[in-house]
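Notes follow the structure.
Number of protein chains: 2
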Amino acid sequence: MSNNQVLNERSLQLLKALVERYIQDGQPVGSRALSKDTELKLSPATIRNVMADLEDMGLIRSPHTSAGRVPTVSGYRLFIDSLLTVKPLDSEELKLLRKNLIAKDNVNDVIGVASRILSDVTRMAGVVTLPKRELVSLRHIEFLPLSNTRVLVIFVTNEQEVHNKILHTSKQFTPAQLQQAANYLNSVYSGLSLAAVRKAVLKELKDAQERMNREMLDAVEMAKLALDPEKSDEDYVLSGETNLMGFSELSDMDRLKELFDAFSQKRGVIHLLDQCLNAEGVQIFIGEESGYHAFEQCSLVTAPYSINEQVVGVLGVIGPTRMAYEKVIPFVDITAKLLGAALNPKT
Amino acid sequence: MSNNQVLNERSLQLLKALVERYIQDGQPVGSRALSKDTELKLSPATIRNVMADLEDMGLIRSPHTSAGRVPTVSGYRLFIDSLLTVKPLDSEELKLLRKNLIAKDNVNDVIGVASRILSDVTRMAGVVTLPKRELVSLRHIEFLPLSNTRVLVIFVTNEQEVHNKILHTSKQFTPAQLQQAANYLNSVYSGLSLAAVRKAVLKELKDAQERMNREMLDAVEMAKLALDPEKSDEDYVLSGETNLMGFSELSDMDRLKELFDAFSQKRGVIHLLDQCLNAEGVQIFIGEESGYHAFEQCSLVTAPYSINEQVVGVLGVIGPTRMAYEKVIPFVDITAKLLGAALNPKT
DNA sequence: GTTGGCACTCGATGGGGTAGAGTGCTAATA
DNA sequence: TATTAGCACTCTACCCCATCGAGTGCCAAC
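First to last, the protein sequences are chains A and B. Start counting the first sequence at 1; every next residue gets the next number (the numbering used here). Start counting the second sequence at 1001; every next residue gets the next number (the numbering used here).
Encoded structure:
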């Protein structure tokens, strides 16, 4: 028990070797194998002592008496935070990204491509959230009369994305009135983020009623309805879920069902991804760290992406905890940057 | 071999009992069990003779020597076509349908609800295709200028659904020109199905150029672009896929992966569902009948649904071949009718 | 045509034995 | 004092084999 509770250089080196070995072939790693793997000329016996210490510290564990050792979540965490040597991005993959991740007319197409590339390259599942509506800016708003009190509102954001929604207004409007309302809103609010617009709208409604004429008031009232966030329309695009069926860690049907249930319910996944909106750069959840039982056997590598310097969404890769972090991390990172670039309006 | 190749009343009765029994508990059915199940007072030995005949005719088979018999696809087919006694719809389920399957502002919401009900009630997977764009009628079309030669076209169909698309035009239009074009198109084509509009548009472009003034020609030209079917935007909403993970028939991971791959690729499923657009009423694919390897262990029970007497889409249930057809069939049938009703514009 | 009897086949289950991998401990070593 | 060799021990994975039970096919009797 010489090094008890003390992580010296050698222990770390062995932990690193163990994790790398385990990630590579998925078998519990024994002392003999580790002895051959490292440059440290240590006998299996010595390594067994170190391993016992690492186990005491909760960094590795053995599935049963006569198996080797496997990293715990803390072990992976330490490995990723301090020991990982990230690989430079494969040039083929970079080429693939640059070729396919380009601006399109439809934001959803770009998002879909990004998600697919993430899953294809990593052979795990790729996920990309749609840009948060709140954070993108308004370019144009338009009202179309449907029938009686139903009005179709259409707003175009950031030059690319189009949203529409049906409003039920309290009174009837003529096409001309609607046109006028749209004109007013466009002249005043165009260019602001939707959140900012809503804020401004609420403010106007509250304290400036007397200063506005009837038409403008109507316009603002309608804008309020139109921008009501109501059911959060947050969503994501998931690709390559089926890749996850290949991993032995997830081959238990109950677990797998739970995982896929989580995917289709979306709520939990969105919540998880939202946590990464504020973090800068790549963020990783290992196994139970996510806080969701369904993801207990999975790791999630995420990175936020930005339009116009403004973080609007998150993308990531979902796979078994035993994944090639040293490749996935830089890949997720660069994909986020290129996605942001592809989504930026060409000014 | 008295009854060889001849299906008499008794054989059919026994086949029916066998299939029902097998559907109920999923175990190969033996002669003893069948002897107890039916009112025919026959000894197991006699039943064994009949079963041998049924096996010769390819209606049942035995997984191995000392197991009971299991229906083949032909067996299921005969059962469904001639022997099935459909159960009346559970009143609880009907209530659920009537309560939730109601008109909404957003067609997608209604479709989603239908899909979810299908899967929830049957505890299998539910699928509903989106209404075919081609077949719904145009209510209103509108153009919004974006930048230079990019124009946003918005069209509203059947009073409820809104589509939009970005066009790249060959020349630049002023907002007024766009407005004029829209006015023209609305006055001429409103109320026709999109397919009919496109047909008319192509015709006008071809043989009536001299009779039209410049603006109208532009309008028609733009309409052509707008309605270009291009990438078929056919799609469907799938629910409860994960229910399928519970069935032992599908518990083989490779098979399951293949099935879920088919779901996410969509192409094959859409093709399969499209085949039901022309058929009247409930249609069923049993196992390999679908022609898709991924569905070899599955059955698909479908029914087309209509808006304004016009068939526009298909819905159905996907599950293992061993499913309770006598309940699923009437349920799919009524769901299709109620979905149609919910989608019909309230005139 | 139907039935009882019977030999036979085959899958499922569980016990027992073995091989191999890897450990922890101890005593010897540098 | 840290490292190492040696060794007894443990546990899993695997295979073999015996047994059991379900169900069949066939034959002779009714």
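Note that the Cβ used here is the ideal one computed from N, Cα and C, for glycine as well.
| field | Residues near A:Glu326 in its chain [Cβ-Cβ closer than 7 Å; skip 5 each side] | value | Taking the first residue of the first sequence as 1, we reach residue 326 of chain A at position 326. Only Leu84, Thr85, Val86, Lys87 meet the Cβ criterion.
| query | Looking at C-alpha atoms only, which residue of A:Lys257, A:Leu343, A:Met323, A:Pro330 is the closest neighbour of A:Gly26? | reply | To locate residue 26 of chain A, count along the first sequence from 1; it is residue 26. The shortest C-alpha separation from A:Gly26 is found at A:Met323.
| Secondary structure of B:Ile1141, DSSP reduced to three states | Position 141 of the second sequence, counted from the first residue, corresponds to residue 1141 of chain B. Annotated three-state conformation of B:Ile1141 is strand, per DSSP.
| query | Which of the residues in the region 1249 to 1276 of chain B, read from start to end, lie with their CB under 8 Å from any CB of chain A? | reply | In summary, the residues of the region 1249 to 1276 of chain B whose CB is separated from some CB of chain A by less than 8 Å are Ser1251, Met1253, Leu1256, Lys1257, Phe1260, Asp1261, Ser1264, in the order they occur in the chain.
| said: Quick check: is the beta carbon of B:Ala1342 nearer than 8 Å to any beta carbon in chain A? | reply: Numbered from its first residue, the second sequence carries residue 1342 of chain B at position 342. It does not; no Cβ of chain A falls within 8 Å.
| request: Please check the pair B:Leu1273 and B:Gly1240, which I expect to be a contact at CB under 8 Å, by giving their CB distance rounded to whole angstroms. | output: Counted from its first residue, the second sequence places residue 1273 of chain B at position 273. Counted from its first residue, the second sequence places residue 1240 of chain B at position 240. Going by Cβ atoms, the distance from B:Leu1273 to B:Gly1240 rounds to 16 Å, so no, they are not a contact pair.
| task | Verify whether the separation of the beta carbon atoms of A:Ser35 and A:Pro44 is less than 8 Å. | result | If you number the first sequence from 1, residue 35 of chain A lands on position 35. If you number the first sequence from 1, residue 44 of chain A lands on position 44. Yes, they are a contact pair.
| query | Whose Cβ in chain B lies nearer than 7 Å to the Cβ of A:His140? | reply | As a working note, residue 140 of chain A is residue 140 in the first sequence. Under the 7 Å cutoff, chain B gives Leu1144.
| said: Would A:Val312 pass as an interface residue toward chain B - the criterion being a Cβ-Cβ separation below 8 Å? | reply: Position 312 of the first sequence, counting from 1, holds the residue named residue 312 of chain A. Not one chain B Cβ lies under 8 Å of A:Val312.
| Which of helix, strand or coil DSSP assigns to B:Gly1348 | The first residue shown for chain B is 1001 and the last is 1347, placing residue 1348 of chain B beyond what the model contains.
| Are B:Leu1152 and A:Val151 touching if we call contact CB-CB under 8 Å? | Position 152 of the second sequence holds residue 1152 of chain B. Position 151 of the first sequence holds residue 151 of chain A. Cβ distance not < 8 Å, so B:Leu1152 and A:Val151 don't count as in contact.
| Unbroken alpha helix (DSSP H) run spanning A:Gly112, endpoints | Here residue 112 of chain A refers to the residue found at position 112 of the first sequence. Start and end: 107 to 122.
| request: Indicate whether at least one CB of chain B lies closer than 8 Å to the CB of A:Val156. | output: Along the first sequence, read from residue 1 onward, the residue named residue 156 of chain A stands at position 156. Output row for A:Val156: interface = yes.
| A:Leu42 in three-state terms, based on DSSP | Taking the first residue of the first sequence as position 1, residue 42 of chain A is located at position 42. In the three-state scheme derived from DSSP, where H, G and I count as helix and E and B as strand, A:Leu42 is classed as coil.
| Short check: CB of A:Leu205 to CB of A:Glu221, under 8 Å? | Reading the first sequence from its first residue, position 205 is the one you call residue 205 of chain A. Reading the first sequence from its first residue, position 221 is the one you call residue 221 of chain A. Going by C-beta atoms, A:Leu205 is nearer than 8 Å to A:Glu221.
| field | Between the CA atoms of B:Gly1058 and B:Ser1074 - distance to the nearest angstrom | value | For the purposes of this step, residue 1074 of chain B is taken as residue 74 along the second sequence, with counting starting at 1. For the purposes of this step, residue 1058 of chain B is taken as residue 58 along the second sequence, with counting starting at 1. Note on geometry: alpha-carbon atoms of B:Ser1074 and B:Gly1058 lie some 7 Å from one another.
| request: Might you give, ordered along the chain, the residues of its own chain that have their beta carbon closer than 6 Å to the beta carbon of B:Val1328, omitting 5 neighbours on each side? | output: One-based indexing of the second sequence puts residue 1328 of chain B at position 328. In chain order, Thr1122, Val1301, Val1317 place their CB closer than 6 Å to the CB of B:Val1328, counting only its own chain and leaving out the 5 sequence neighbours on each side.
| query | B:Asp1105 versus chain A: which residues are under 7 Å apart at the beta carbon? | reply | By 1-based counting over the second sequence, the position of residue 1105 of chain B is 105. Listed by position along chain A, the residues whose Cβ is nearer than 7 Å to that of B:Asp1105 are Ile166.
| field | the region 333 to 347 of chain A contacting the region 91 to 110 of chain A, beta-carbon criterion three pairs below 8 Å | value | In short, these stretches touch, since the Cβ pair count reaches three.
| message | Would B:Ser1299 and B:Thr1321 be called neighbours here (beta carbons separated by less than 8 Å)? | response | For the purposes of this step, residue 1299 of chain B is taken as the residue at position 299 of the second sequence. For the purposes of this step, residue 1321 of chain B is taken as the residue at position 321 of the second sequence. Closer than 8 Å, so yes.
| task | Closer than 9 Å by beta-carbon distance: list the chain B residues that pair up with A:Glu241, in chain order. | result | Start at 1 with the first residue of the first sequence, and residue 241 of chain A comes out as number 241. Ordered by position in chain B, the residues that pass the 9 Å Cβ test against A:Glu241 are Phe1260, Ser1264.
| task | For chain B, find out if any of its Cβ atoms is closer than 8 Å to the Cβ of A:Val162; answer yes or no. | result | Start at 1 with the first residue of the first sequence, and residue 162 of chain A comes out as number 162. Interface residue, yes.
| request: Report the residue ranges of all beta strand (DSSP E) runs contained in full by the region 218 to 291 of chain A; include only those spanning at least 3 residues, in chain order. | output: The region 218 to 291 of chain A contains these whole beta strand (DSSP E) runs: 236 to 239, 283 to 286.
| request: Indicate whether at least one CB of chain A lies closer than 8 Å to the CB of B:Met1001. | output: As a working mapping, residue 1001 of chain B is identified with position 1 in the second sequence. Since pLDDT at B:Met1001 reaches only 39, below the 50 mark, its modelled position is unreliable, and no value is offered.
| Does the beta-carbon of A:Gly313 have 16 or more other beta-carbons within 10 angstroms, so that it is buried, or is it exposed? | Here residue 313 of chain A corresponds to residue number 313 of the first sequence, with the count starting at 1. Buried, by the Cβ-count rule.
| field | Contacts that A:Leu152 makes with chain B (C-beta to C-beta distance below 7 Å) | value | By one-based count along the first sequence, residue 152 of chain A stands at place 152. Within chain B, the residues near A:Leu152 are Val1156, Val1162.
| task | Ignore the nearest five residues each way along the sequence and tell me which others in B:Ile1284's own chain have a CB closer than 8 Å to its CB. | result | Residue mapping note: residue 1284 of chain B aligns to position 284 of the second sequence, counting from 1. Shown here for B:Ile1284: same chain residues with a beta carbon closer than 8 Å to its own, the five before and five after excluded, namely Ile1080, Ser1299, Leu1300, Val1301, Thr1302, Tyr1325, Ile1329 in chain order.
| Endpoints, alpha helix (DSSP H) assigned at A:Val86 | For the purposes of this step, residue 86 of chain A is taken as the residue at position 86 of the first sequence. It is not in any alpha helix (DSSP H) - A:Val86 carries neither H nor E in the DSSP assignment.
| request: Return the residues of the region 1116 to 1129 of chain B that lie within a Cβ-Cβ distance of less than 9 Å from chain A, sorted by chain order. | output: Residues passing the 9 Å Cβ filter: none.
| Limits of the beta strand (DSSP E) - the one that A:Val317 falls within | In the first sequence, counting from the first residue as 1, residue 317 of chain A sits at position 317. Counting along the chain, the unbroken beta strand (DSSP E) around A:Val317 starts and ends at 310 to 320.
| Could you give the distance in angstroms between the alpha-carbon of A:Gly126 and the alpha-carbon of B:Thr1169? | Locating residue 126 of chain A in the first sequence gives position 126, where the first residue counts as 1. Locating residue 1169 of chain B in the second sequence gives position 169, where the first residue counts as 1. Counting only the Cα atoms, B:Thr1169 lies some 35 Å from A:Gly126.
| task | Have a look at A:Leu227, A:Ala114, A:Ser115 and flag the residue whose alpha-carbon is nearest the alpha-carbon of A:Tyr189. | result | Within the first sequence, numbered from 1, the residue matching residue 189 of chain A stands at position 189. Looking only at A:Leu227, A:Ala114, A:Ser115, the smallest Cα-Cα distance to A:Tyr189 is reached by A:Leu227.
| task | Under 8 Å by Cβ, that's how I've got B:Glu1134 and B:Leu1194 pegged, so tell me the actual separation to the nearest angstrom. | result | The residue you call residue 1134 of chain B lines up with position 134 of the second sequence. The residue you call residue 1194 of chain B lines up with position 194 of the second sequence. With a Cβ gap of about 5 Å, B:Glu1134 and B:Leu1194 count as contacting.
| message | Please report the straight-line C-alpha distance between A:Phe247 and A:Asn183, rounded to a whole angstrom. | response | Mapped onto the first sequence, residue 247 of chain A falls at position 247. Mapped onto the first sequence, residue 183 of chain A falls at position 183. The straight-line gap from Cα to Cα measures roughly 56 Å.
| request: List the residues of chain B whose Cβ lies closer than 8 Å to the Cβ of A:Met245, in chain order. | output: Start at 1 with the first residue of the first sequence, and residue 245 of chain A comes out as number 245. Close to A:Met245, with beta-carbon spacing below 8 Å, are these residues of chain B in chain order: Met1253, Leu1256, Lys1257, Phe1260.
| said: So, for B:Leu1277: in the same chain, excluding its five sequence neighbours on each side, which residues have a beta-carbon less than 7 Å away from its beta-carbon? | reply: Here the question's residue 1277 of chain B lines up with position 277 in the second sequence. For B:Leu1277, where only same-chain residues beyond five positions count, the Cβ hits under 7 Å are Pro1304, Val1311, Val1314.
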